[in-house]
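Undergrad: Submitted below is the structure of interest, expressed as structure tokens.
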Amino acid sequence: DQQVKQNSPSLSVQEGRISILNCDYTNSMFDYFLWYKKYPAEGPTFLISISSIKDKNEDGRFTVFLNKSAKHLSLHIVPSQPGDSAVYFCAATANAGGTSYGKLTFGQGTILTVHP
Amino acid sequence: KAGVTQTPRYLIKTRGQQVTLSCSPISGHRSVSWYQQTPGQGLQFLFEYFSETQRNKGNFPGRFSGRQFSNSRSEMNVSTLELGDSALYLCAGRRGARSDNEQFFGPGTRLTVL
Numbered sequence: 016d017q018q019v020k021q022n023s024p025s026l027s028v029q030e031g032r033i034s035i036l037n038c039d040y041t042n043s044m045f046d047y048f049l050w051y052k053k054y055p056a057e058g059p060t061f062l063i064s065i066s067s068i069k070d071k072n073e074d075g076r077f078t079v080f081l082n083k084s085a086k087h088l089s090l091h092i093v094p095s096q097p098g099d100s101a102v103y104f105c106a107a108t109a110n111a112g113g114t115s116y117g118k119l120t121f122g123q124g125t126i127l128t129v130h131p
Numbered sequence: 093k094a095g096v097t098q099t100p101r102y103l104i105k106t107r108g109q110q111v112t113l114s115c116s117p118i119s120g121h122r123s124v125s126w127y128q129q130t131p132g133q134g135l136q137f138l139f140e141y142f143s144e145t146q147r148n149k150g151n152f153p154g155r156f157s158g159r160q161f162s163n164s165r166s167e168m169n170v171s172t173l174e175l176g177d178s179a180l181y182l183c184a185g186r187r188g189a190r191s192d193n194e195q196f197f198g199p200g201t202r203l204t205v206l
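Line by line, the protein sequences give chains A and B.
Just so you know, the first sequence maps onto residues 16 to 131 in the working numbering.
Just so you know, the second sequence maps onto residues 93 to 206 in the working numbering.
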């Protein structure tokens, strides 16, 4: 049972344009969501996160949108740069009683390729 | 400030052997979580340690175990290795405060079981 899904295995975008990566979840208990970027032979790098009490969070070129009713989140990268080419993972966690217990549930990842 | 370190980076073992992997989180990070990444299953949570106590556990057999030391360094042990244990093992640290969710990952240990 895959509780976090990234339905697009890959995405190709031209430099300077917007990249939109999507993620769906099924577990209603998830209340915190994160995006990670991963290069080959490296561990995932934290990008941006959002709490379920918000519907948008922005950090520079990265914006995450959360639609709780649809159980859907997306990551927007504007403008996209060739250095953004990597695998992007969305992750979710459920805080029990307001306490995080260190378990992230990950999607399968989307390979983003930004062409110069 | 130094990042998360994992040793060794690469390891080759044979079926039936056991292996111990090590993780040192960023200074001040008291929680360490371990994950297994495989092409088929993706990134899956193994367990989390906080203040030397296992606080959460994923759906893995008892052959997978871990511990944490007073300096927050953590070790993960896999006994009686199987071919399917070949994977990238990642650890991630965080401060461990009540509502602290962001985890910072090490580069991983690539385990190959022959």
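Using N, Cα and C, we set each Cβ at its ideal position, and we do this for glycine too.
#1: Thinking C-alpha only, which one of A:39, A:55, A:73, A:64 is nearest residue 193 of chain B?
#2: Can you look up residue 135 of chain B in the DSSP assignment and give me helix, strand or coil?
#3: Tell me whether the beta-carbon of residue 113 of chain B lies closer than 9 Å to the beta-carbon of residue 167 of chain B.
#4: Please report the residue range of the beta strand (DSSP E) in which residue 129 of chain A lies.
#5: Within its chain, find whatever has a CB closer than 6 Å to the CB of residue 131 of chain A; leave out the 5 residues flanking it on each side and keep chain order.
#6: Go ahead and pull the three-state DSSP assignment for residue 70 of chain A.
#7: Assign residue 106 of chain B to one of two classes, buried (16 or more other C-beta atoms within 10 Å of its C-beta) or exposed (fewer than that).
#8: For residue 17 of chain A and residue 136 of chain B, what's the separation of their Cα atoms in angstroms?
#9: Using a Cβ-Cβ cutoff of 8 Å, what residues of the region 26-57 of chain A are near chain B? List them in chain order.
#10: Along the beta strand (DSSP E) that carries residue 124 of chain B, what are the first and last residues, could you check?
#11: So the beta strand (DSSP E) residue 82 of chain A belongs to, where does it begin and stop?
#12: Quick one: is residue 101 of chain A near chain B, going by C-beta distance under 9 Å?
#13: At a Cβ threshold of 9 Å, is residue 88 of chain A touching chain B?
#14: Kindly list the residues whose CB is nearer than 7 Å to the CB of residue 152 of chain B, restricted to its own chain and excluding five residues on each side of it in sequence; keep chain order.
#15: How many Å lie between residue 129 of chain A and residue 88 of chain A at the Cα?
#16: Is the shortest distance between the beta-carbon of residue 179 of chain B and the beta-carbons of chain A less than 9 Å?
#17: Here's the rule: buried if 16 or more other CB atoms are within 10 angstroms of the residue's CB, otherwise exposed. What is residue 206 of chain B?
TA: To lay it out plainly:
#1: A:64
#2: strand
#3: yes
#4: 125-130
#5: 30, 97
#6: coil
#7: exposed
#8: 11 Å
#9: 47, 49, 51, 56, 57
#10: 123-130
#11: 77-82
#12: no
#13: no
#14: 138
#15: 21 Å
#16: no
#17: exposed
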